[in-house]
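Notes follow the structure.
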Amino acid sequence: MDSMKEKLKKIFAEKFGSPPQLIIRSPGRINIIGEHTDYNNGFVLPAAIDKAAYFGVSLRDDNEMHLMAADLSEDFSIRISELKPVANINWPNYILGPVAQFQKKGITLKGFNAILMSDVPIGAGLSSSAAVECATTFAFNELLDIRLENIELVKMSQMAEHEYAGVKCGIMDQFACIMGKKDHVIKLDCHSLEYQYLPFKLEGYKILLLNTNVKHSLGSSQYNARLEECEQAVEWVKENVPDVQCLRDVSETMLDKYVFPKNKLIDKRGRFIIQEIQRLQKACEDLQKGDLNALGKKMYLTHEGLSNMYGVSCKELDYLVAAVKNNNAVLGARMMGGGFGGCTINLVKEDAIESITSGLQIRYESEMKLPLTYYVTTIENGTEII
Ligand code: GAF
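Going by our numbering, the sequence shown wraps up at 393, each residue one higher than the last.
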């Protein structure tokens, strides 16, 4: 963290003449279990991690925004009065989107200079975009002393993703990013937004992320398609059970009666979500009992469901989960995040990491024709000033 901060300060001073007024660290996230449940008003179990976006910013006297993505050596400028999503490059949208959210609240921002650096791998399913959105809302809330509550910043960052990145995401990523707490996972009820921090004690085990290096960008249209499929399932149930608002309110018996006869695919999508919400509740009990074995088994079940029922995996993710499934040193593994690429999350015995990764790298690269990268990650605090 310190070296990123020093590097950012130096680049900022070289580019804009003085160091930034404020530097924010804003983390990526993992999710232990509870995938695609957030936009169905279910529960999720995410945590903020050691990989993060770093955002240095200083106000200007005019209304120009001068942005730089230091890792890409790319610049971008626009006047605040001309704010709109950018079509040909992605990264400015994760800063412009949050700025637009302040404007929507009637809060006019002044111009600013900003530099972005990040060690959250892009397209790896670790929410590199939420990290930047949250860094931006958090920074302006501080810099202009706006005093919005953290939960408001979470919602603004989520809306930025909807409006400037075109992904109708749930609230999990931005919530985990801003609300993360060191060594704890967050059990979040995505309906009421009530949450609870559960200690995540791994004793002898580590969280290993295996990156397929399949960029999950293709997934954004499929992500929105899954959202619509879930809405369709709810609509069919609602015709018969008017109280139902979301899949959280639907039972498998209701699917049997009102969805299965109409469309088998929509039934499978909905059934996965209902089972996943229940699985998460049980997984939290495992965690509270310290039964990591039982938790791990549920992670494998989640993967099976995401792959066979929800249809958001890919051959590379399936390969990596299958490769560790019968290994006694691995308690659980599954694809993580939106899907169609990105990382698997694995709970692995610390002393087995070296042998697992070295063997797997060779096999994966030869069979999938892609490099396999990996990160041993830790759970850290959410977005903060550094
Ligand atoms: C992506 C989304 F941004 C989240 O809101 C969540 O739905 C996740 O996919 C799947 O659980 O990360």
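Don't be surprised by glycine CBs; every beta carbon is placed ideally from N, CA and C.
Please read all numbers here as calculations on a predicted model, not as lab measurements.
Over what stretch of residues does the beta strand (DSSP E) that includes residue i continue unbroken?
i	result
T385	From DSSP, T385 is part of no beta strand (DSSP E); its letter is neither H nor E.
I31	L29 to N38
S134	Per DSSP, S134 belongs to no beta strand (DSSP E) and is neither H nor E.
K213	Y212 to N218
A340	V337 to M342
D82	E81 to R86
A167	Per DSSP, A167 belongs to no beta strand (DSSP E); it is in the alpha helix (DSSP H), N157 to A167.
S199	S199 -> no beta strand (DSSP E), and no H or E assigned at all.
A121	F119 to S125
L354	C350 to K356
A76	E71 to A76
Could you check which residue in the options has the C-alpha nearest to that of residue i?
i	options	result
A54	G187, Q108 and V331	G187
V93	L74, L133, P378 and D358	L74
V244	P268, N231 and A232	P268
E283	T260, V266, E311 and G297	E311
I85	L79, A77, D78 and G104	G104
G297	R67, Y212, I363 and T144	Y212
E374	C237, V248, R278 and L324	L324
D45	A142, L200, K12 and A146	L200
T380	G348, Q165 and Q203	G348
T384	D9, L15 and A59	A59
W98	D82, C291, L160 and T219	D82
E71	V355, V106, C141 and T309	V106
Y171	C197, Q108 and L215	Q108
I392	S33, Y101 and K376	S33
G177	R233, K222, V192 and K208	R233
K376	V221, N315 and G303	V221
K304	Y317, K322, V331 and T219	V331
E292	S362, F207, M342 and Q252	F207
Y230	D196, Q285, R286 and G318	G318
T144	D126, I185, L308 and P128	I185
I214	I386, L150 and Q288	I386
A167	D152, L151, A142 and I56	A142
Tell me whether residue i is buried or exposed, calling it buried when 16 or more other Cβ atoms sit within 10 Å of its Cβ.
i	result
Q110	exposed
G130	buried
N38	buried
R154	exposed
T260	exposed
A137	buried
I31	buried
I369	exposed
G398	This structure cannot speak to residue 398, because the chain is shown only from 8 to 393.
G366	exposed
G346	buried
A20	exposed
S320	buried
P27	buried
Along the chain, where does the alpha helix (DSSP H) that runs through residue i open and close?
i	result
Q295	K271 to K296
Q203	Careful: Q203 lies outside any alpha helix (DSSP H), inside the beta strand (DSSP E) at Y202 to P206.
E21	D9 to F23
V307	What sits at residue 307 in the sequence shown is Tyr, not Val. Where Y307 is concerned, the enclosing alpha helix (DSSP H) stretches over L299 to N315.
Y326	K322 to K332
Y46	No alpha helix (DSSP H) contains Y46, which DSSP labels as neither H nor E.
E259	E259 to Y265
E89	No alpha helix (DSSP H) holds E89; DSSP gives it neither H nor E.
K111	N100 to K111
T364	I360 to M375
F62	Segment P53 to L66 is the beta strand (DSSP E) holding F62; no alpha helix (DSSP H) there.
C184	M179 to M186
Inspect the beta-carbon positions of residue i and residue j and report whether they are closer than 8 angstroms.
i	j	result
L205	K189	no
G344	G41	no
M306	G277	no
Q120	S65	Per the sequence presented here, residue 120 reads as Asn, with Gln not at that position. In contact: N120 and S65 (Cβ atoms closer than 8 angstroms).
A329	V355	no
G24	R67	no
V248	L52	no
N334	I363	yes
I96	V139	no
Please list, in chain order, all residues of the same chain as residue i whose beta carbon is under 7 angstroms from its beta carbon, the five residues on each side excluded.
i	result
N358	This sequence places Asp at residue 358; Asn is not what is there. The answer is none, since no qualifying residue turns up.
I280	H43, T44, N47, G49, C237 and L254
A146	L29, I31, F62 and V64
Within its chain, find whatever has a CB closer than 6 angstroms to the CB of residue i; leave out the 5 residues flanking it on each side and keep chain order.
i	result
L327	L217 and T351
S227	V174
A77	I18, I122 and M124
S134	G35, R36 and D180
L299	L338
Sorted by chain position, which residues of the same chain lie with C-beta nearer than 8 angstroms to residue i's C-beta, five sequence neighbours on each side aside?
i	result
V266	A240, W243, V244, I273, D274 and G277
N148	R154, L155 and L160
Does any residue of chain D bring its CB to less than 8 angstroms from the CB of residue i?
i	result
L103	Judged by its chain identifiers, the structure shown contains no chain D, having just a single protein chain.
| What residues sit near the ligand COA, counting only those whose C-beta is closer than 5 angstroms to one of its heavy atoms, in chain order? | Of the ligands this structure carries, namely the ligand GAF, none is the ligand COA.
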